[in-house]
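Numbering (UniProt numbering), first residue to last: 1 to 307. Where is the CB? At the ideal position from N, CA and C, for every residue including glycine.
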């Protein structure tokens, strides 16, 4: 076990998705109370240019429920299933994001069983989340910008600029991490927000030959490609992480943040590999594993927002 910084960071995935509704203020507040080093969240840009927190590029029926149209007779209603960038903030804010449901064809979902429903919870803006984190210097925002290779370059530039502006407004940009599978986002973030740490996300589908996800770089050596794109952290899905990958990344001075790990046995295995951060839906479980290893834990925080 070789850790670059002598500890394993606890990253709350979408807040604490296993315990509270994902990507919501109550979820982030709960993660902070448990004690995390970073809160991971996903963002999109509305039709009227507001950065909102939502995992998919569209509103998913798994996490969102329509209530009423933003204005009577709105032709875009119902909103669930529509792309975030086709909806205004007012339309997005009508959606109830406080209860998880089974998706089409699903007969089970572990999060439905463990997540506390909080009906009436709305989709937050990035600014609202920044307000929660402002004044908590020990906690980093880990903001994933949801794009794909089909996005035009000018939309990538506009999206990165909007995210950076919000973070900068709250004096959070220098301690933020900007995450992306579409590495054009990282290239643009280097240009527009060089003070933020850039995190190169990879999963199996983005590492296939001829991939369009890596800004023209080869997927053969993900760690070397991440360094070449200017990333400060490599963040692979857990299926990809081996002790050799961690060793190779560390040899390049690149920390490794593995996602999304919810089984305590897997958490322990990745600690043994020497990963630098573990992204989890259950920060409480990870804290118990780190305690068993005698590793330091992030302190619990009392955010201003207490649902």
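Tell me whether residue 113 is buried or exposed, calling it buried when 16 or more other Cβ atoms sit within 10 Å of its Cβ.
exposed
Where does residue 239 land, buried or exposed, given buried means 16+ other C-beta within 10 angstroms?
Label assigned to residue 239: exposed.
Cα-Cα separation, residue 306 to residue 48
Residue placement at residue 306 cannot be trusted, given a pLDDT of 49 that sits under 50; the coordinates are not used to answer.
The alpha helix (DSSP H) enclosing residue 275, as first and last residue numbers
Segment: none, residue 275 is in no alpha helix (DSSP H) and carries neither H nor E.
Quick check on residue 81: does DSSP put it in helix, strand or coil?
coil
Per DSSP, what kind of secondary structure is residue 44 in: helix, strand or coil?
strand
Between which two residues does the alpha helix (DSSP H) containing residue 141 stretch?
No alpha helix (DSSP H) holds residue 141; the beta strand (DSSP E) holding it covers 140–145.
Taking Cβ to Cβ, would you say residue 90 is nearer than 9 Å to residue 70?
Yes, these two residues count as a Cβ contact at 9 Å.
Could you give the distance in angstroms between the alpha-carbon of residue 60 and the alpha-carbon of residue 21?
13 Å
Closer than 8 Å by C-beta to residue 261: which residues in its own chain qualify, once you throw out the five before and the five after it? Chain order, please.
Excluding residues within five positions, the ones whose Cβ falls inside 8 Å are 238, 267, 270, 278, 279, 280, 286.
Distance between residue 160 and residue 272 (C-alpha atoms, nearest Å)
35 Å
Using the Cβ count rule (16 or more neighbours within 10 Å means buried), how would you classify residue 138?
Per the 10 Å Cβ criterion, exposed.
Flag this pair as yes or no: are the beta carbons of residue 251 and residue 199 separated by less than 9 Å?
Not a contact, by the Cβ cut-off of 9 Å.
According to DSSP, is residue 294 helix, strand or coil?
Assigned with DSSP and collapsed to three states, residue 294 falls in coil, not helix or strand.
Residue 269, DSSP secondary structure in three states
Helix, per DSSP.
Among 219, 294, 92, 206, whose alpha-carbon lies nearest the alpha-carbon of residue 79?
Ranking the options by Cα distance to residue 79, first place goes to 92.
What span of residues does the beta strand (DSSP E) with residue 235 cover, start to end?
233–236
Option in 290, 44, 230, 27 with minimal Cα separation from residue 121
Residue 121 has its Cα closest to that of 27, out of 290, 44, 230, 27.
Judging by CA-CA distance, which residue of 34, 72, 166 is the nearest neighbour of residue 143?
166
Within the same chain, show all residues whose beta-carbon is closer than 6 Å to that of residue 222, passing over the 5 residues directly before and after it, in chain order.
202
Hey, would you say residue 67 sits closer than 9 Å to residue 86, going by beta carbons?
no
Distance check for residue 58 and residue 292, CA to CA, integer angstroms please.
40 Å
Assuming the contact rule is C-beta atoms closer than 8 Å, residue 53 and residue 124 should be a hit. Round their C-beta distance to whole Å, please.
Contact between residue 53 and residue 124 is confirmed by a C-beta separation of about 5 Å, below the 8 Å threshold.
By how many angstroms is the C-alpha of residue 178 removed from the C-alpha of residue 29?
A straight line joining the alpha-carbon of residue 29 with that of residue 178 spans about 20 Å.
In this structure, what does DSSP give as the bridge partners for residue 280?
12
Under DSSP, the alpha helix (DSSP H) around residue 114 begins and ends at which residues?
Membership of residue 114 in the alpha helix (DSSP H) is indicated by the continuous run 110–114.
What does the alpha-carbon distance come out to for the pair residue 9 and residue 100?
27 Å
Hey, how far is the Cα of residue 215 from the Cα of residue 274?
Answer to the nearest angstrom: the Cα atoms are 28 Å apart.
By how many angstroms is the C-alpha of residue 255 removed from the C-alpha of residue 242?
Looking at the two C-alpha atoms, the distance is approximately 14 Å.
Confirm, please, whether the CB-CB distance from residue 259 to residue 236 is below 9 Å.
yes
Going by DSSP in three states, residue 187 sits in which element: helix, strand or coil?
helix
Short check: CB of residue 217 to CB of residue 195, under 9 Å?
no
Using DSSP bridges, identify the partner residues of residue 96.
Beta-bridge pairing by DSSP links residue 96 to 65, 122.
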